[in-house]
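For our numbering, add 1 to where a residue sits in the sequence shown, where the first one is 1. The beta-carbon is built from N, C-alpha and C at its ideal position, and this holds for glycine as well. Remarks on the structure that follows.
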Amino acid sequence: MKVLVIAPHPDDESIGCGGALFKHSRQRDRVAAVYLTSGELGLKKLAREEAWKIREKEARAAAKILGLSKLTFLRAPDWYVADTTERLTSELGAILTRESPELIYLPHPAEWHPDHKAALPLVRAALNGCEITPPTLRTYEVWTPLAEFDHVEDVSSVMPAKLRAIRAHRSQCHDLRYDRAMRGLNEYRGAMTGRYRYAEVFQVIAPNSA
2 MKVLVIAPHP DDESIGCGGA LFKHSRQRDR VAAVYLTSGE LGLKKLAREE AWKIREKEAR
62 AAAKILGLSK LTFLRAPDWY VADTTERLTS ELGAILTRES PELIYLPHPA EWHPDHKAAL
122 PLVRAALNGC EITPPTLRTY EVWTPLAEFD HVEDVSSVMP AKLRAIRAHR SQCHDLRYDR
182 AMRGLNEYRG AMTGRYRYAE VFQVIAPNSA
C-alpha cells in the first residue's frame with residue numbers, strides 16, 4: 002500500500018498517527034510525509050531559517066524511527082497555511098501525482114489550529130487537479146480530540162516507537178510534554194474500546210466535498 006501523511010507542522014505526524022504509520026512501515030507499505038510548514042512559530046526566539054533547520058532535523062529523526070521513506074517540506078508560513086493555498090495546491094498536486102497514495106492521513110477538520118483546519122480543503126483542492134484514483138482520507142486528532150470516529154487502530158505493540166518519535170521533536174517536548182499527553186489520550190482511547198491498551202482513532206472523510 003502507498004500511504005501519505007500530511008503534517009501541518011513537524012511533530013503532527015508523530016503525535017496524531019505515529020503508531021499507525023509505524024505499523025504501515027513495518028508491514029512494508031511505502032509511507033511518505035508532507036510537512037506543510039516547518040513550524041517556525043514553535044521556536045519564536047529564533048530566526049525563521051534557523052527554526053526551520055532545527056525542526057526539519059527533528060522531523061527527519063522522527064521519520065527514521067517511524068520508517069517514513071520520503072519527506073517533503075513545503076515551508077508555508079506557520080499559522081497561515083490558508084493564505085498560501087495557491088502555491089501549496091500546486092506543489093501538493095505534484096506530490097500526489099508522484100506518490101499516487103491509496104491512503105492519506107491528515108488532521109480532522111474540527112481541529113482548532115488554523116493550519117490543521119486548512120489541511121482538508123487543501124488536500125481536496127490538490128486531488129481535484131490530479132488524475133489519480135481517489136484515496137481514502139483518514140483524519141487524526143492532535144490538539145482537538147475527535148467527537149466521533151469510525152476507525153480504531155490498535156497501537157499497543159508499537160506505542161514505545163510512537164513515543165520515541167514524538168520525543169525526537171525535542172524542541173517541542175521541552176515545554177509541552179506531548180509524549181505524556183498522547184500516551185494518556187491513546188490509553189483512554191484504548192480503554193474506551195474495551196479491547197486495547199493503547200489506540201489511535203480516526204474519522205474517515207470523503208476525498209471530495211460533494
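- Between the alpha carbons of Tyr197 and Val153 lies a distance of about 10 Å.
- Annotation for Val6: the continuous beta strand (DSSP E) segment containing it runs Lys3 to Ala8.
- By the neighbour-count criterion, in which 16 or more other beta carbons inside 10 Å mark a residue as buried, Tyr141 falls on the buried side.
- The segment 12 to 26 makes contact with the segment 151 to 170: 3 or more CB pairs, one atom from each, lie closer than 8 Å.
- The Cβ atoms of Arg190 and Tyr199 sit closer than 9 Å to each other.
- Residue pairing from DSSP places Ala34 in a beta bridge opposite Val6 and Leu72.
- Within the segment 106 to 143, the complete beta strand (DSSP E) runs of at least 3 residues fall at 137 to 141.
- Non-local beta-carbon contacts of Leu164 in its own chain, meaning distances under 6 Å to residues more than five positions away in sequence, involve Asp180 in chain order.
- The continuous beta strand (DSSP E) containing Asp155 extends over residues His152 to Asp155.
- From the listed residues Pro161, Gly195 and Pro110, the smallest Cα separation to Met183 is found for Pro161.
- Residue range Ala200 to Ile206 is occupied by the beta strand (DSSP E) that includes Gln204, with no alpha helix (DSSP H) assigned at that position.
- Rounded to the nearest whole angstrom, the CA to CA distance from Ala119 to Ala192 is 31 Å.
- Taking 8 Å as the upper bound for CB-CB distance, Ile7 and Tyr106 are in contact here, some 7 Å apart.
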